[in-house]
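Residue numbers (the working numbering): 129 to 404.
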Ligand SMILES: NC(=O)c1ccc[n+]([C@@H]2O[C@H](COP(=O)([O-])OP(=O)(O)OC[C@H]3O[C@@H](n4cnc5c(N)ncnc54)[C@H](O)[C@@H]3O)[C@@H](O)[C@H]2O)c1
């Protein structure tokens, strides 16, 4: 995989959760390619560190769960850059107690994970899509996860928020298409990446808990960023960082197909059940 060669000069990107991990790696690549890159992150210390390491980045502290703050940041970006060529809705969190039983998880954990992972993306889109529409051939990149496509016995807050994020990206794409708007939507689907987010898996849960016997080498955030830059260039709809992990999604669809085939064989089509 090669790094970006196409110039981003004169173009502006906004990346939520951009002060660390995958977001920061994408920010670096875009900045190296000449783009003006704004990182928005909830943690002021990591924002300060990221902008000290990469002085070309514009760092803004903000919580994606706060719609008013996100609208304020969007106004700031509009005042400074006019529009946004790439919006990367990327901020995400995993629950602090991944092993908890679904029915015993406290409300606070559901609210926090859905607040960041789902409502954070919604707030980001509401604040920034108007700026994306100011630019020609602009793009929206949404970080989902393989967790969008299979169920696991751990972290139900995460494994139920990410399917919603992936569906949100597809719904956005469908709406842009319906309205004939020239905005590309790309869904980023990472598997295990060596960031702070994944650290709990190393501490308390082996990747095997999650992935069974699938080969699943961990990837660096830079490796993900290289794939992202190339995918943006090609206006791809999906980036599957670990293609072998798609087996997990296949097994879900195979189970559904089997269940439908069985049901159809026993009870017939919807017409034979009274539909007209
Ligand atoms: N690391 C993995 O293995 C992996 C796998 C699949 C998907 N992802 C997804 O990739 C995205 C980035 O994760 P990462 O691995 O780089 O993790 P990370 O923890 O290194 O980075 C996430 C960043 O988001 C910021 N953030 C958290 N809550 C926020 C909030 N409320 N408002 C603004 N910023 C906030 C954090 O401060 C952090 O800097 C997430 O959406 C995550 O779900 C990661």
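Ideal Cβ positions, reconstructed from N, Cα and C, are used throughout, including at glycine.
- In the three-state reduction of the DSSP assignment, residue 295 falls in the helix class.
- Residue environment analysis places residue 267 among the buried positions, since at least 16 neighbouring C-beta atoms fall within 10 angstroms of its C-beta.
- Within the same chain, 313 come within 6 Å of residue 301 by CB-CB distance, once the 5 residues on both sides are set aside.
- Rounded to the nearest angstrom, the gap between the Cα atoms of residue 147 and residue 232 is 33 Å.
- In the DSSP assignment, residue 373 falls outside any alpha helix (DSSP H), carrying neither H nor E.
- Note on geometry: alpha-carbon atoms of residue 143 and residue 403 lie some 47 Å from one another.
- Closest option to residue 188, judged by alpha-carbon separation, among 177, 166, 181: 166.
- Per DSSP, the unbroken beta strand (DSSP E) holding residue 312 starts and ends at 311 to 317.
- Ranked by Cα distance from residue 240, the first of 286, 184, 374 is 286.
- Pairing residue 261 with residue 192 gives a Cβ-Cβ distance that is not under 9 Å.
- When DSSP states are grouped into helix, strand and coil, residue 274 belongs to the helix group.
- Burial state of residue 355 is buried, judged by a 10 Å Cβ sphere holding 16 or more other Cβ atoms.
- In this structure, residue 214 has its beta carbon at no less than 8 Å from each heavy atom of ligand 1.
- In the three-state DSSP reduction, residue 219 falls in the coil class, being neither helix nor strand.
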